[in-house]
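Engineer: Residue numbers for the sequence shown, in the numbering used here: 8 to 201.
Just so you know, even glycine gets a beta-carbon here, dropped at the ideal spot from N, CA and C.
Bear in mind that the values here come from a model prediction, so they are computed numbers and not experimental data.
Attaching a single structure in structure tokens format; questions to follow.
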Amino acid sequence: MRRLLLTSALLSCATSMAGPPPEGVALHVRRGFFTETDIGVFFTVGGNNRYSNAETYLQLGVGYDLSDRIELGAYFGLGTSAANCFAGTQNGACALTDSFTMAFFNLSAAYLVSLAERFYLTPRVTAGYSKFDPPPAFSNSKGVTSAANVGGGIGVEYATQMDHFSIGLDALARVALGPNITSFAIFPRIKYTF
């Protein structure tokens, strides 16, 4: 019995040292045209209530990796500010509305800083246009329904072992210029590179 155990242990060691036979080709991180879908949380800060309730955030995007380090994208984002008044109060109530939807149409540029193989830190800048429904603030005695926005954020990205797919986590801040509405979105990213 001992001889059988010793023989099987030696054979097991010999086959494990040889390793599995090489298969396929080395997996490389894909770069080029990509799409992504992001769902996370969204809230605003400032206003009479200092911050809003956290609500669902949705972002869809397309982009292109100009190199292994630089990524450009166009994004549509949608979030809701709930219970945060930006128009001031009248008779103890918000002068316009304290809950409104913000739609973002933005261009974004990111720089991928390699932290480890297939794992990146992704600082980004963004600028674009915001739409508000209903108007949350006043400008020249009228409700503001749109404004330019600028912002930036930081995230991480991991190129998975599944070819084409990357995942990540981003935190993004934007300021709507004019009404000065600051918003934050925190969301996981799912990116597909063609």
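Tell me the rounded alpha-carbon separation between Ser173 and Ile161.
Structural biologist: 16 Å
Engineer: Using only CA atoms, which one of Arg131, Ser88, Leu65, Thr104 lies nearest to Ala94?
Structural biologist: Thr104
Engineer: Please report the distance separating the alpha-carbon of Phe50 from that of Gln66.
Structural biologist: 14 Å
Engineer: For Gly150 versus Val182, is the C-beta spacing smaller than 8 Å?
Structural biologist: no
Engineer: Put Ser148 into one of helix, strand or coil per three-state DSSP.
Structural biologist: It is coil, neither helix nor strand.
Engineer: Name the one or two DSSP bridge partners that Glu78 has.
Structural biologist: Asp72, Ala117
Engineer: Beta-carbon within less than 8 Å of Ser146's beta-carbon, same chain only, minus the 5 sequence neighbours each way: which residues are those?
Structural biologist: Gly185, Pro186
Engineer: Bridge partners of Asn55, per DSSP?
Structural biologist: For Asn55, which the question treats as bridged, DSSP gives no partner whatsoever.
Engineer: Residue range of the beta strand (DSSP E) that Ala155 falls in?
Structural biologist: 153-166
Engineer: So what does DSSP say about Ala94, is it helix, strand or coil?
Structural biologist: Coil.
Engineer: Which first and last residues belong to the beta strand (DSSP E) in which Val132 is found?
Structural biologist: Element bounds for Val132: 131-140.
Engineer: Between Val163, Thr189, Asp75, which lies nearest to Phe126 when the distance is taken from Cα to Cα?
Structural biologist: The shortest C-alpha separation from Phe126 is found at Val163.
Engineer: Short of 7 Å in beta carbon distance, which residues of its chain neighbour Val120, apart from the five on each side in sequence? Order them along the chain.
Structural biologist: Tyr127, Leu128
Engineer: Going by C-alpha to C-alpha distance, which of Ser148, Val48, Ser137 sits closest to Phe194?
Structural biologist: Val48
Engineer: For Thr96, does the count of other Cβ atoms within 10 angstroms reach 16, so buried, or fall short, so exposed?
Structural biologist: exposed
Engineer: Along the chain, where does the beta strand (DSSP E) that runs through Thr104 open and close?
Structural biologist: Thr104 -> no beta strand (DSSP E), and no H or E assigned at all.
Engineer: For Met24, which residues from the same chain have a beta carbon less than 8 Å from its beta carbon, with the 5 sequence-adjacent residues on both sides left out?
Structural biologist: Residue placement at Met24 is flagged as unreliable, the pLDDT there being 46, under the threshold of 50; the coordinate-derived value follows with that caveat. So no residue of the chain qualifies.
Engineer: Could you please give me the residues that DSSP links to Asn60 through a beta bridge?
Structural biologist: Ala89
Engineer: Considering only the alpha carbon of each residue, which of Gly70, Tyr58, Asn60, Asn56 lies closest to Thr44?
Structural biologist: Gly70
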